[in-house]
Each structure stands twice: as C-alpha cells, then as structure tokens.
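Numbering (our numbering), first residue to last: 38 to 276. Every residue, glycine too, gets a C-beta built ideally from N, C-alpha and C. Small disclaimer: the values here were computed from a predicted structure and weren't measured. Here is the structure we will look at, set down as structure tokens.
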C-alpha cells in the first residue's frame, strides 16, 4: 500500500492527476476543498472536514480502497479518525491531521493542537496501533522547535515513528529534503520539514519512504509543500 501526505495548497480538483501519477492508495490532503472529489467519481473514496468549504482536510482512497469515518473515536476539529479497507482483506486505521491557527478551529497553537491530539487518542494509539498522518505545521526548523521535540518524545513513548526519518536513518533535524517552502518578507525563503507520516514499528518492516520532488522542473507551481510518500508491505496490513 502506498500512503501519501500532501498539502496541495488548494484546487486539488485540478491536481488529482499527481496523486494518480504517484499510484497512490491513500492520500491525506490538507488545504483540500469539500468538492475536490465529485460524487460521480465512483473509483474514489473521500472524507473531508473543515471550517471553510474551499480549504479543509481531505482523505482520498484509490485502487479499490474504501474509507470510513471512525465514529467511535472522539472528534477534534483538526483531526479525522478513519479506517481504510480493501476487498482483499487489508485494513489500515489512522488519524489524519491538519493543525490550523484559526479561532473557528481552535484557540491552541499548532504544537498544542498536536499535543492535544496525542493525549486524546493515546489509549487507542497504544491498543490499535493507530497511525498519524498530516501537516503538523511544526518542525525542528521553525519557532515551534521546542514544543515539536516534546511531541516527538510523546509519540516515541507510544511507539509511533516518522516513517521518512526512520526508514532513511535520519534524526529529526537531519532531514535531507524539506516539505514546505515558505516565502517570507523581502521574498526570503524558509524551508521546513513539517509534514509527517507516523507509523507503528510493525508497519516499518520492509517499508520505504521518500519526499516527492516538486520544486524543480514542471511541477514547481503545484504547491509550496512536497508530498511525503510511504510504501508499506501488504502483509503488514492483513487482519
């Protein structure tokens, strides 16, 4: 199964081809519109949550995968608990997240939203091996470095690990590739690694992960974020 996390910077309906080109099975897509996937697209399964119909958190499943909202888990405005299943019997449960500093979503900072997510679902993460996928909007490179490290410690205590870092032998802060290019005042460029796919240890055996390059060549204007991709062995997902 191929997992992709990509903040698409809106207008996903014009960019779905990229996820298809990547042969994606399940994609968590922040900044996705409520209408990004049309009802008549029967080959896709789609979940969405947001305070703005043009800019929310989406999950899209391809290649026969079907998505279900986990109604049995507590609802947080910036999180979608979901289950993905395939006709072959494969199954995957995760928490999709997009932290947003917006009073209509939360009064908490980016990092505190992630902390609240971890604490809210800690029992289920331990008992069900729930994965966490999304745009944290926190990183070692940014002003949230301290709180981000604290959240990494919490995730480590729950045996959840960033697939990109673990599978490429990197500590947080040693990233060779970033996921966000932000242009600040004076057109100064800032680079951050703030998009993550956190998985339990048993999903990492034989898995592979990479950042899909968008900031060179013909794809430079698609988004200010680059996709995080993880390939999990199907045997890890068998019931």
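If the five residues before and after residue 67 are omitted, its C-beta is found closer than 7 Å to the C-beta atoms of 44, 94, 135, 171, 172, all from its own chain and listed in chain order. Here residue 180 is exposed. Its C-beta has fewer than 16 other C-beta atoms within 10 Å. Contact between the segment 263-270 and the segment 231-246 is present: 3 or more CB-CB pairs across the two stretches fall below 8 Å. Fewer than three Cβ pairs drawn from the segment 159-170 and the segment 213-230 lie within less than 8 Å of each other, which leaves the two stretches out of contact.
Separation of the CB atoms of residue 42 and residue 234 is rounded to 5 Å, and the pair is thereby assigned contact status at 8 Å.
The alpha helix (DSSP H) runs lying completely inside the segment 191-258 and spanning 4 residues or more are 200-204, 238-241, given in chain order. The three-state reading of DSSP puts residue 186 in helix, counting H, G and I together. If you keep only unbroken alpha helix (DSSP H) runs of at least 4 residues inside the segment 102-189, you get 147-157, 159-165. Counting the other CB atoms within 10 Å of its CB gives residue 54 a total below 16, which places it among the exposed residues. In this structure residue 227 does not touch residue 176 by the C-beta definition: roughly 10 Å separates them, more than the 8 Å allowed. A straight line joining the alpha-carbon of residue 101 with that of residue 231 spans about 29 Å. With a cutoff of 8 Å on beta-carbon distance, residue 117 and residue 84 are scored as near each other. Counting only residues of its own chain and dropping the five nearest sequence neighbours on each side, residue 72 has a CB closer than 8 Å to the CB of 50, 90. Taking C-beta atoms as the reference points, residue 169 and residue 189 fail to come closer than 8 Å. Look at residue 260 here: in three-state DSSP terms it is coil, with no helix or strand label. Relative to residue 151, the option among 165, 121, 82, 114 whose CA is nearest is 114.
Of the residues 200, 130, 155, the one whose Cα lies closest to the Cα of residue 187 is 155. In the structure shown, residue 82 adopts extended strand secondary structure according to DSSP, grouped into three states.
DSSP places residue 268 within a strand segment (E or B) once states are collapsed to three. Taking residue 129 as the centre and dropping the five residues before and after it, the same chain places the C-beta of 121, 274 closer than 6 Å to its C-beta, in chain order. Across the structure, residue 178 and residue 193 are spaced so that their CA atoms are roughly 19 Å apart. Rounded to the nearest whole angstrom, the CA to CA distance from residue 38 to residue 237 is 15 Å.
Cβ neighbours of residue 259 within its own chain (closer than 8 Å, five residues either side excluded): 45, 46, 52, 55, 251.
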